[in-house]
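J.: Position 70 (the sequence shown) corresponds to 183 in my numbering; numbering is contiguous.
Cβ atoms here follow ideal geometry from the backbone N, Cα and C, with glycine treated the same way.
Please read these numbers as outputs of a predicted model, since none were measured by experiment.
Here it is, the structure in full.
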Amino acid sequence: MSLGNPQDHRSDPEVPHTDKGKLVAAGILLLIPIVALMWVPSYARDEPELFGFPFFFWYQFLWVFLCSGMTWAAYKLVLAARR
């Protein structure tokens with residue numbers, strides 16, 4: 114691989130094509146849980162309760178599953194972007 118011109122990588126067979134749109138979507142999927150959980154005033158309350166648990170607790174526990182799904186989806190998007 115040539116180091117002279119940064120545009121040379123387009124014809125290099127070792128460098129896979131990358132779909133930047135899918136990578137941006139993956140980044141957004143990874144950013145959503147961070148923003149949602151850092152915005153504490155949106156869930157710092159007791160109501161509504163679910164099975165006796167205050168909203169504050171079950172909302173954060175729900176994000177464990179949501180974050181797992183979003184991380185998996187971001188992983189799949191990155192794989193698809195690098196094909």
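Hey, does L150 have any beta-carbon neighbour from chain C nearer than 7 angstroms?
T.: The chain labelled as chain C is not found in the depicted structure, where only one protein chain is given.
J.: Leaving out five residues before and five after A157 in sequence, what residues of the same chain have Cβ atoms less than 8 angstroms from its Cβ?
T.: F169
J.: When we look at the beta-carbon of A193 and count the other beta-carbons within 10 Å, is it buried (16 or more) or exposed?
T.: exposed
J.: Could you spell out where the alpha helix (DSSP H) holding G140 opens and where it closes?
T.: 133-151
J.: Whose C-alpha, out of L143, A138, V137, is nearest the C-alpha of M183?
T.: Comparing Cα positions, the closest option is L143.
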